[in-house]
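Peer 1: Numbers in the numbering used here are just positions in the sequence shown, counted from 1, shifted up by 1047.
No residue lacks a Cβ here, since even glycine has one placed at the ideal position from N, Cα and C.
One structure follows; several queries about it will come next.
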Amino acid sequence: MAEPQYLSGNSPAISAFLDKFDTFLIDCDGVLWSGDHVFDGIPETIKLLQNKGKRTVFVTNNSTKSRKEYYAKLSSKGIPCQVEDIFGSSYSAAIYISRILKLEPPRNKVFVLGEAGIEAELASEGIAYLGGTDPKYRKLGMEPEDFAGIADGSALDPDVGVVLAGLDFHINYYKLAHAHGYLCGNHASKDANKSGKAVFLATNMDSTLPMCHSFFPGAGSASVVALSNMTGDQPLALGKPSQAMMDAVEGKFHLDRSRTCMIGDRLNTDIQFGVQGHLGGTLAVLTGVNKKADWEKADAPAVPAYYVDGLADLRG
């Protein structure tokens, strides 16, 4: 395997790199910003790419915001984009549920472990949901009747067909117990017309979330891992590096994979997403999770084709 090419400070190499691609799939957290801090030169870099006729698509695993919320954040930071240029894991999951699973009523509701971003994208596809940000499920502690109702299914909605787990800032035992009950099929045990366990889906499996120049627990370290440990099952994840997400991105934007480059900071999501998707190239930035030493390890999940210290280095 060829050594990744270091582009920072090398104007001829940067020009050759940019000439190879028509579309750039760009991660957000750790690439454009850390929390609310936008890295220096990011708006100018995105404008440069667009002025060169490149399509910029923002592909994020962060499920806490909807596409409209991401558009508002990008715009407020001076980063030019359209809502249609944003493809998040919440949207990817909603598309999968509505257009691939095609849940038949009455077993067509989704129990959500996550924030408002997931709910907004489910609503955009006409999918009924419960859990999520509903204050009812932010209850602390469990009463004896809670245990009994989940165990016998009387406290569960019999129409739930999917449990969708994402990053949930209000995760608690009560919510996890409900999700576990649906995954075990407790809600179907008393109804002869309904059978089977709920389908287990995840927006993404990121172990950490880059925030405020540090790292915090991601969906893969909180809601998803808890349910996986309880059930012994792994969910189908709809975020990077899932190729179900790649297929959805390709279908939506009609991109030529050979002329597309994935830009990200995390090897086991962003870079692996591009490598497994047979894109024309991958570019790692060193402002987020992984560093050069990580892809030099023998067990590295993926190795980028190019790397820069920061995305703004593409300005040359």
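Can you list, in chain order, the residues of its chain with a C-beta nearer than 8 Å to that of ALA1198? Leave out the 5 residues immediately preceding and following it.
Peer 2: The residue you call residue 1198 lines up with position 151 of the sequence shown. Counting only Cβ-Cβ distances below 8 Å, and skipping sequence neighbours, we find GLY1228, ASN1233.
Peer 1: Can you tell me whether DSSP reads ALA1239 as helix, strand or coil?
Peer 2: What you label residue 1239 is simply residue 192 of the sequence shown in a count that begins at 1. Residue placement at ALA1239 is poorly supported in this model, since its pLDDT is 47, which falls under 50; the coordinates still yield a value, given next. Note: ALA1239 maps to coil in three-state DSSP.
Peer 1: Nearest-angstrom Cα distance between LEU1361 and VAL1355?
Peer 2: Working through the sequence shown from its first residue, we reach residue 1361 at position 314. Working through the sequence shown from its first residue, we reach residue 1355 at position 308. Their Cα atoms are separated by approximately 8 Å.
Peer 1: In chain order, what residues of the same chain lie with their CB nearer than 8 Å to the CB of TYR1118, ignoring the 5 residues before and after it?
Peer 2: Counted from its first residue, the sequence shown places residue 1118 at position 71. Excluding positions up to five away in sequence, the list reads CYS1128, GLN1129, VAL1130, ILE1133.
Peer 1: Any idea if GLY1178 is buried or exposed, counting beta-carbon neighbours within 10 angstroms, 16 or more meaning buried?
Peer 2: Numbered from its first residue, the sequence shown carries residue 1178 at position 131. Label assigned to GLY1178: buried.
Peer 1: Rounded to a whole number of angstroms, what is the C-alpha to C-alpha distance between LYS1094 and ILE1126?
Peer 2: Locating residue 1094 in the sequence shown gives position 47, counting from the first residue. Locating residue 1126 in the sequence shown gives position 79, counting from the first residue. So the alpha carbons of these two residues sit roughly 8 Å apart.
Peer 1: Using three-state DSSP, classify THR1107 as helix, strand or coil.
Peer 2: Here residue 1107 refers to the residue found at position 60 of the sequence shown. Here THR1107 sits in strand by DSSP.
Peer 1: Buried or exposed for LYS1149, please, with buried defined as at least 16 other CB atoms from any protein chain shown within 10 angstroms of its CB.
Peer 2: Taking the sequence shown and counting its residues from 1, the one referred to as residue 1149 is at position 102. With fewer than 16 other Cβ atoms within 10 Å, it is exposed.
Peer 1: Pull up the distance between the alpha-carbon of LYS1183 and that of GLY1327, whole angstroms please.
Peer 2: Indexing the sequence shown from 1 puts residue 1183 at position 136. Indexing the sequence shown from 1 puts residue 1327 at position 280. Taking the straight line joining both Cα atoms gives about 47 Å.
Peer 1: Would SER1289 and SER1268 qualify as a contact pair, given that the criterion is a beta-carbon distance under 8 Å?
Peer 2: Position 242 of the sequence shown, counting from 1, holds the residue named residue 1289. Position 221 of the sequence shown, counting from 1, holds the residue named residue 1268. Taking 8 Å as the Cβ cut-off, SER1289 and SER1268 do not qualify as a contacting pair.
Peer 1: Have a look at THR1250, ASP1303, PRO1351 and flag the residue whose alpha-carbon is nearest the alpha-carbon of GLN1281.
Peer 2: Here residue 1281 corresponds to residue number 234 of the sequence shown, with the count starting at 1. The candidate whose alpha carbon is nearest that of GLN1281 is THR1250.
Peer 1: Relative to the C-alpha of VAL1246, which candidate in TYR1143, PHE1194, LYS1120, THR1070 has its C-alpha closest?
Peer 2: If you number the sequence shown from 1, residue 1246 lands on position 199. Comparing Cα-Cα distances from VAL1246 to each of TYR1143, PHE1194, LYS1120, THR1070, the minimum goes to TYR1143.
Peer 1: For CYS1128, which three-state DSSP category applies?
Peer 2: Residue mapping note: residue 1128 aligns to position 81 of the sequence shown, counting from 1. CYS1128 falls in the coil class under three-state DSSP.
Peer 1: Buried or exposed for ASN1315, going by 16 or more other Cβ atoms inside 10 Å?
Peer 2: Numbered from its first residue, the sequence shown carries residue 1315 at position 268. ASN1315 should be labelled buried.
Peer 1: How many angstroms separate the CA atom of ALA1170 from the CA atom of LYS1156?
Peer 2: Within the sequence shown, residue 1170 is the residue found at index 123, counting from 1. Within the sequence shown, residue 1156 is the residue found at index 109, counting from 1. Each residue's alpha carbon lies about 11 Å from the other.
Peer 1: Assuming ASP1206 and ARG1154 form a contact by the criterion Cβ under 8 Å, report the distance between their Cβ atoms to the nearest whole angstrom.
Peer 2: As a position in the sequence shown, residue 1206 is number 159, starting the count at 1. As a position in the sequence shown, residue 1154 is number 107, starting the count at 1. Confirmed, about 6 Å.
Peer 1: Leaving out the 5 sequence neighbours to the left and right, which residues in its chain are closer than 7 Å to PRO1351 when beta-carbon positions are compared?
Peer 2: Counting from one through the sequence shown, the residue named residue 1351 turns up at place 304. If we look at PRO1351 and ignore the five residues flanking it on each side, its Cβ neighbours are PRO1051, ILE1318, THR1329, LEU1330, ALA1331, TRP1342.
Peer 1: By DSSP, does HIS1227 sit in helix, in strand, or in coil?
Peer 2: Along the sequence shown, read from residue 1 onward, the residue named residue 1227 stands at position 180. Note: HIS1227 maps to helix in three-state DSSP.
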